[in-house]
Amino acid sequence: MNKAGQAKKPIIFVLSIDTEEEWDWSGPFPQRHGDVQNILQVPAFHTVVSSFNIRPTYFVDYAVLETAQSVENMQRIIQQQNCEIGAHMHPWCNPPYFDDVGEAQSHVVNLPVQEVEVKVKALVSKIEQTLDVTPKSFRSGRWGIDGKVMNLLFQNGFNVDSSVYPYYKNEFFSCFGAPPTPYWAALDKPLEETTQQDMFEVPVTVGFNRGNFDFWNRIHYLFTQPNLSWTRFNGLAWHTRIMRKNYLCPELSSVADMINLCDIVIDKGYPVLHMYMHSSSLLDNSNNILGQNNAFNHLCRSIEQVVGYLEKHYEVEFCTISEAANKLKS
Numbered sequence: 177m178n179k180a181g182q183a184k185k186p187i188i189f190v191l192s193i194d195t196e197e198e199w200d201w202s203g204p205f206p207q208r209h210g211d212v213q214n215i216l217q218v219p220a221f222h223t224v225v226s227s228f229n230i231r232p233t234y235f236v237d238y239a240v241l242e243t244a245q246s247v248e249n250m251q252r253i254i255q256q257q258n259c260e261i262g263a264h265m266h267p268w269c270n271p272p273y274f275d276d277v278g279e280a281q282s283h284v285v286n287l288p289v290q291e292v293e294v295k296v297k298a299l300v301s302k303i304e305q306t307l308d309v310t311p312k313s314f315r316s317g318r319w320g321i322d323g324k325v326m327n328l329l330f331q332n333g334f335n336v337d338s339s340v341y342p343y344y345k346n347e348f349f350s351c352f353g354a355p356p357t358p359y360w361a362a363l364d365k366p367l368e369e370t371t372q373q374d375m376f377e378v379p380v381t382v383g384f385n386r387g388n389f390d391f392w393n394r395i396h397y398l399f400t401q402p403n404l405s406w407t408r409f410n411g412l413a414w415h416t417r418i419m420r421k422n423y424l425c426p427e428l429s430s431v432a433d434m435i436n437l438c439d440i441v442i443d444k445g446y447p448v449l450h451m452y453m454h455s456s457s458l459l460d461n462s463n464n465i466l467g468q469n470n471a472f473n474h475l476c477r478s479i480e481q482v483v484g485y486l487e488k489h490y491e492v493e494f495c496t497i498s499e500a501a502n503k504l505k506s
């Protein structure tokens, strides 16, 4: 029972990790062989989050699988049978290679379908060869999904996608209009819900510190445009708490903001909380807004505090992304 004497609301909790090479995100993309020192930290991280009963989903990209030690580390985790291995595509370091990858080409939605197809097949084959796993879940690198990519995923045996980044749009792709909660995605228009039961979309949890997310997203986006960004309204609104865009991501949001987001979305009827992060953030780095120093401990403490709060106030069920999808499909 909670403090009001009512039964705790049930909620599914998913943690997904983009398991990938590390680099300075403000610099060029590390084409072909990337540095994967961060994967040395993943087994210890897995031990920590497993102690919280979390069942992580590791979206693994090609660069991780090119280094024997990284493969061995991921195999050690798989042997514990309390996680899921999904596929994560970074076009710049996923063979076969074509032209140099710039900002637009870093999003799979902007690549020719023939290039995406051979890269998907190469990634699946590499995961099967090195980890003895056939991935069923997928996330595009740097987010974004469209009809050609979703159809390719379905044709190559995937049934769960997590490439939708709610309430986000830039000049290279858009997730505006997509449902923020899990849904059956239309193959040709994956930002739309359908009655077809081919691909199940499980977006990460993103929202605002006020309940009408669609309204506040319109305001937030309006003030990112060149004619209004000079006002710095979004920054002012964030510091004064008039409007905060919050992410269930310990790299980007404080524990207090993540807890606030969880309470709001559970009150709105969300069936799942989907926390996300990058394995590269386990190393001290300048990419994180939070936890740039002592990154490993910062991330673990943040996750522990959020999960501790949730378990105190809600009936939490920990799932991998495919486990969550299977429960929500029924």
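All residue numbers for the sequence shown refer to my numbering, where the first residue is 177 and numbers rise by one.
Cβ atoms here follow ideal geometry from the backbone N, Cα and C, with glycine treated the same way.
Handout entry: the region 187 to 194 touching the region 490 to 504, judged by at least three CB pairs closer than 8 Å
Key = yes
Practice task
Assess, as a yes-or-no matter, whether the region 409 to 417 is touched by the region 433 to 451 under the definition of 3 or more beta carbon pairs within less than 8 Å.
Solution key: no
Practice task
Report yes if the C-beta of Gly278 is less than 7 Å from at least one heavy atom of the ligand NAP; otherwise report no.
Solution key: Absent from the structure shown: the ligand NAP. Ligands present: none.
Problem - Pro206 in three-state terms, based on DSSP - result: Position 30 of the sequence shown, counting from 1, holds the residue named residue 206. DSSP places Pro206 in coil when its eight states are reduced to three.
Problem - Contact set for Trp392: own chain, Cβ-Cβ below 7 Å, skip 5 residues either direction - result: Position 216 of the sequence shown, counted from the first residue, corresponds to residue 392. Once the five neighbours on either side are set aside, the close Cβ partners of Trp392 are Phe384, Arg386, Met419.
Practice task
Express the C-alpha separation of Glu242 and Gln305 in angstroms, rounding to a whole number.
Solution key: Translated into positions along the sequence shown, residue 305 becomes position 129. Translated into positions along the sequence shown, residue 242 becomes position 66. Roughly 11 Å between the two C-alpha positions.
Practice task
For His396, I'd like the list of residues in its chain whose CB is within less than 7 Å of its CB, leaving aside the five on either flank, ordered along the chain.
Solution key: Counting from one through the sequence shown, the residue named residue 396 turns up at place 220. Answer for His396: Asn410, Met419, Lys421, listed in chain order.
Problem - Enclosing beta strand (DSSP E) for Ile150 [first to last residue] - result: There is simply no residue 150 to check, as the chain begins at 177 and stops at 506 in what is shown.
Problem - Beta-bridge partners of Asp276, as assigned by DSSP - result: The residue given as residue 276 occupies position 100 in the sequence shown. Paired residues: none, contrary to the question.
Handout entry: Where the alpha helix (DSSP H) containing Ser246 begins and where it ends
Key = Your numbering for residue 246 matches position 70 in the sequence shown. Taken as a continuous stretch (DSSP letters only), the alpha helix (DSSP H) holding Ser246 covers 244 to 254.
Exercise for the section: Could you check what DSSP says for Ser506 in three-state terms: helix, strand or coil? Expected result: Translated into positions along the sequence shown, residue 506 becomes position 330. DSSP places Ser506 in coil when its eight states are reduced to three.
Problem - Own chain residues within Cβ distance below 7 Å of Glu196, not counting five before or after - result: Taking the sequence shown and counting its residues from 1, one reaches residue 196 at position 20. Taken in chain order, the residues that qualify are Asp237, Ala239, Val240, His264, His266, His454, Ser455, Ser456.
Problem - Segment contact flag, the region 313 to 329 with the region 226 to 236, C-beta cutoff 8 Å, min 3 pairs - result: yes
Exercise for the section: Would you kindly report the start and end of the unbroken alpha helix (DSSP H) that includes Trp392? Expected result: Working through the sequence shown from its first residue, we reach residue 392 at position 216. Per DSSP, the unbroken alpha helix (DSSP H) holding Trp392 starts and ends at 389 to 398.
Handout entry: Simplified DSSP state of Tyr485, which is helix, strand or coil
Key = As a working mapping, residue 485 is identified with position 309 in the sequence shown. Helix.
Handout entry: Residue nearest to Cys351 in terms of C-alpha spacing, selected from His209, Leu459, Gly320, Asp337
Key = For the purposes of this step, residue 351 is identified with residue 175 of the sequence shown, where counting begins at 1. Minimum Cα distance to Cys351 is reached at Gly320.
Practice task
Quick one: give me the first and last residue of the beta strand (DSSP E) that Phe376 is part of.
Solution key: Locating residue 376 in the sequence shown gives position 200, where the first residue counts as 1. 375 to 377 is the span of the beta strand (DSSP E), which, as asked, contains Phe376.
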